[in-house]
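Numbered by mature numbering (1 follows the signal peptide of the UniProt record, and there is no 0), the letters in the sequence shown go through residues -26 to -1, 1 to 120 in order.
Glycine is no exception: its CB is placed at the ideal position from the N, C-alpha and C atoms.
What follows is a short report on a single structure.
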Amino acid sequence: MKMKATALSLMLAMTTLAGAPLLAQAHDDAGQPSYHSERGERGERGERGKHRGHGKMMKQMDREFSADEIRTLTEARLIQRGNDNIMVGDVEPTADGYQITIVTKAEGALVEQKEVARNGMPLDRYQKMEERKAQREAKREAREAQ
């Protein structure tokens, strides 16, 4: 019993010592909290959008896929879901992107219809991101005009 208590105490101490640096907040040379992390930098007030991943997202937003590529991406997503009873039906171009039909393999019955943008993102999410992008640009232009 004493051995178990000693082992448990030792494990608790080791866990505490190993985890302490993870819990500590980084500070700069002036003693102020630092907003820099492995994910990227943030602005003075911890503002979003000031990190390295922003450029990658913008490249993805500008990418355009063909109908065959959209079909391949959708088939891959269905494989990830793990349902062997459904497959991609028609992939039809629309004004904003593509309309994808998901059907059953056995009867070809409609399971779901999806609308995606030309970059493969769900159309509603893509449109929201475009709206936010336009709002940010308008704010930036208004600040520069002052």
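Start and end of the alpha helix (DSSP H) containing residue 64?
As a first step, residue 64 must be located in the sequence shown, where it is residue number 90. Element bounds for residue 64: not the alpha helix (DSSP H) but the beta strand (DSSP E), 60 to 67.
Check each candidate in 76, 101, 120 and 58 and name the one with the smallest Cα separation from residue 66.
The residue labelled residue 66 in the question sits at position 92 within the sequence shown. Selected option, being the one with the closest Cα: 76.
What residue range is occupied by the uninterrupted alpha helix (DSSP H) comprising residue 49?
If you number the sequence shown from 1, residue 49 lands on position 75. Looking at the DSSP string, the run of the alpha helix (DSSP H) that includes residue 49 is 41 to 55.
Mapping DSSP to helix, strand and coil, what is residue 88?
Indexing the sequence shown from 1 puts residue 88 at position 114. It is a strand residue.
So, are the CB atoms of residue 82 and residue 47 less than 7 Å apart?
As a first step, residue 82 is located in the sequence shown; it is residue number 108 there, counting from the start. As a first step, residue 47 is located in the sequence shown; it is residue number 73 there, counting from the start. Inclusion of residue 82 and residue 47 in the CB contact set at 7 Å is not warranted, their separation being larger than that value.
Looking at the unbroken alpha helix (DSSP H) that takes in residue 101, where does it start and where does it end?
What you label residue 101 is simply residue 127 of the sequence shown in a count that begins at 1. Element bounds for residue 101: 97 to 119.
Out of 97, 52, 69 and 34, point me to the one whose CA is closest to residue 79's CA.
To locate residue 79, count along the sequence shown from 1; it is residue 105. For the residues 97, 52, 69 and 34, the minimum Cα distance to residue 79 belongs to 52.
Rounded to whole angstroms, what is the Cα-Cα separation between residue 120 and residue 69?
Along the sequence shown, one-based indexing puts residue 120 at 146. Along the sequence shown, one-based indexing puts residue 69 at 95. The straight-line gap from Cα to Cα measures roughly 38 Å.
Cβ neighbours of residue 39 in the same chain (closer than 8 Å, five flanking residues each side left out):
Indexing the sequence shown from 1 puts residue 39 at position 65. If we look at residue 39 and ignore the five residues flanking it on each side, its Cβ neighbours are 47, 92, 93 and 94.
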